[in-house]
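In terms of full-length UniProt numbering, the sequence shown opens at residue 1 and continues consecutively. Think of the CB as a built atom: it goes at the ideal place given N, C-alpha and C, for glycine as much as any other residue.
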Amino acid sequence: MPLPASWGLEKTLAEIADAGQFRQLRLLEGGQGARVTIDGRTLLNFSSNDYLGLAAHPAVGKALKTAVDIYGVGSGASHLVCGHTSAHAALEDALARLTGRSRVLLYSTGYMANLGVASALLSRQDVLLQDKLNHASLLDAAAISGAKLVRYRHADMQHLEERLAALAPSEQRVLVSSDSVFSMDGDVPDLNALASCTAQAGAALQLDDAHGLGVLGEQGGGACEAYGLDEAAVPVLMGTFGKALGTAGAFVAGSEQLIETLIQKSRTFMYTTAMPPALAAATSQSIELLQSEGWRRPHLQQLIAGFRKKVSALGLDLMPSDTAIQPLLVGEASAAVNLSKSLLDKGFLVVAIRPPTVPAGQSRLRITLSAAHDENDVDQLVQALAELVGR
Ligand SMILES: Cc1ncc(COP(=O)(O)O)c(C=O)c1O
């Protein structure tokens with residue numbers, strides 16, 4: 001039985017299509033990597049968040065399989081009922097060491113971690129300040145918490161300071177939340193200024209390090225390691241496993257009190273099945289690889305620097321970013337989609353990002369590099385861009 005016509009789904013879908021924003025699933029016929037197979041065609045993949053090439057790493061797969069023999073597949077319950085295993089605890093300890101935090105709590109996804117933080121810490125009388133380009137999960141977290149949402153211009157610390165100064169002195173809990181590496185832009189705000197102006201205003205800082213963890217910092221400890229931000233500077237640190245660590249899931253790190261509060265009050269932690277223990281074991285293996293295959297980070301950095309140099313030699317402007325996310329701004333949604341299609345015809349998977357994910361008129365190709373690529377892969381993409389849009 002279809003939903004009643006009065007719900008207007010047909011009209012909604014037509015409107016989405018008319019706006020050039022219709023989205024379709026792509027079916028991959030195998031695993032992640034520098035190359036993926038779609039419709040029987042092998043494509044060079046410049047779209048994934050598998051920044052270190054760990055998503056199909058044999059050691060990570062082996063850790064997962066070994067853990068299935070010990071723990072089985074499902075966790076069976078939420079963490080608080082009987083789903084919390086020694087594999088989960090070992091991962092929490094490894095993450096606490098990696099991030100230099102007192103304690104860590106696992107969540108099933110980063111989306112849920114962000115919802116869980118805001119809903120546990122804030123309520124209607126509190127204030128949440130957010131960068132205008134924050135990830136959708138942070139914005140949804142604001143809505144679910146009921147706190148007053150105040151947004152500041154992207155990466156504009158002066159504007160944040162003004163916003164903080166304009167708050168009433170009676171405001172009790174003020175949380176500033178920001179992506180560390182912006183997911184669709186790849187840039188990093190001045191994190192030291194962000195931390196200091198937040199602290200000066202007596203507010204607390206939450207960083208979403210989904211795109212920094214594993215990639216930034218000497219040890220791969222993420223943005224906080226790279227910028228020397230300890231637990232006092234960033235009391236709420238969130239990171240995810242589905243990107244550089246190559247698995248799935250997420251965590252929040254901070255003080256004992258923060259983690260205890262989340263355990264008591266965070267509904268997206270309390271009322272959901274714990275991530276499979278084998279996935280936790282696989283993620284612990286990924287963390288070990290951050291050390292034992294430490295070459296991956298400098299290799300990625302080299303690819304990023306080379307790509308930027310070669311693209312700028314074509315007369316094209318990539319958006320300002322030193323990270324693995326190297327967007328090429330196109331403008332209109334239809335133009336970005338057409339460019340993505342032309343690249344597909346040439347054997348490249350480079351996905352177009354359109355509104356509402358990015359502001360109108362700022363559609364782009366979100367090109368992502370990975371340690372799984374080699375220089376020749378990158379050169380092939382540069383050559384294709386030269387043929388399609390080079391000046
Ligand atoms: C900045 C940021 N935060 C949070 C998330 C959500 O993480 P997850 O995919 O684990 O739900 C993502 C991407 O998915 C992200 O890019």
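Beta carbon proximity, residue i to chain B, threshold 8 Å
i          : result
residue 57 : In the structure shown, chain B does not exist; there is a single protein chain.
7 Å CB neighbourhood of residue i in its chain, flanking five on each side removed
i           : result
residue 234 : 195, 205, 207 and 224
residue 142 : 118, 128, 130 and 149
residue 9   : 3
residue 350 : 46, 47, 340, 343, 365 and 367
residue 320 : 187
Residue i versus residue j - alpha carbon distance
i           : j           : result
residue 267 : residue 277 : 20 Å
residue 78  : residue 85  : 11 Å
residue 11  : residue 153 : 34 Å
residue 126 : residue 169 : 12 Å
residue 336 : residue 280 : 37 Å
residue 329 : residue 322 : 16 Å
residue 215 : residue 221 : 8 Å
residue 148 : residue 175 : 10 Å
residue 189 : residue 181 : 8 Å
residue 115 : residue 21  : 26 Å
residue 298 : residue 226 : 14 Å
residue 13  : residue 284 : 42 Å
residue 158 : residue 197 : 9 Å
residue 67  : residue 358 : 39 Å
residue 122 : residue 275 : 25 Å
residue 65  : residue 232 : 38 Å
residue 294 : residue 219 : 8 Å
residue 289 : residue 348 : 28 Å
residue 81  : residue 105 : 15 Å
residue 95  : residue 57  : 20 Å
Range covered by the alpha helix (DSSP H) that runs through residue i
i           : result
residue 261 : 256-265
residue 204 : Counting along the chain, residue 204 falls outside any alpha helix (DSSP H), though it belongs to the beta strand (DSSP E) covering 204-208.
residue 194 : 191-200
residue 91  : 86-99
residue 380 : 375-389
residue 139 : 136-145
Beta-carbon proximity list for residue i, same chain, < 6 Å, skipping 5 on both sides
i           : result
residue 250 : 107, 109, 110, 113 and 240
residue 29  : 37
residue 179 : 134, 135 and 208
residue 59  : 285
residue 370 : 50, 51 and 53
residue 296 : 52 and 371
residue 55  : 32 and 246
residue 155 : 189
Assumed close pair residue i, residue j - CB separation to whole angstroms, cut-off 8 Å
i           : j           : result
residue 339 : residue 360 : About 17 Å separates the two Cβ atoms, so there is no contact after all.
residue 380 : residue 44  : 6 Å
residue 327 : residue 186 : 6 Å
residue 42  : residue 253 : About 39 Å; that fails the 8 Å criterion.
residue 311 : residue 262 : Not confirmed; about 42 Å, so no contact.
residue 405 : residue 382 : Residue 405 lies beyond the stretch modelled for the chain, which goes from 1 to 391, so this question has no answer here.
Closer than 7 Å: residue i CB and nearest ligand 3 heavy atom
i           : result
residue 114 : Because ligand 3 does not appear in the structure shown, any question about it cannot be addressed here, the ligands present being ligand 1.
Contact set for residue i: own chain, Cβ-Cβ below 8 Å, skip 5 residues either direction
i           : result
residue 34  : 44, 45, 53, 370, 372, 373, 374 and 377
residue 228 : 192
residue 184 : 133, 325, 327, 353, 357, 358, 364 and 366
Bounding residues of the beta strand (DSSP E) (the contiguous stretch that carries residue i)
i           : result
residue 112 : No beta strand (DSSP E) holds residue 112; the alpha helix (DSSP H) holding it covers 110-121.
residue 298 : Here residue 298 belongs to no beta strand (DSSP E); instead the alpha helix (DSSP H) covers 296-313.
residue 240 : 236-240
**Report entry** Cβ contact (3+ pairs, closer than 8 Å) linking the region 311-318 and the region 207-223
**Finding:** no
Query raised in the report: Pairing CB atoms from the region 257-272 with CB atoms from the region 59-77, are three or more of them under 8 Å?
Result: no
**Report entry** the region 132-142 contacting the region 80-99, beta-carbon criterion three pairs below 8 Å
**Finding:** no
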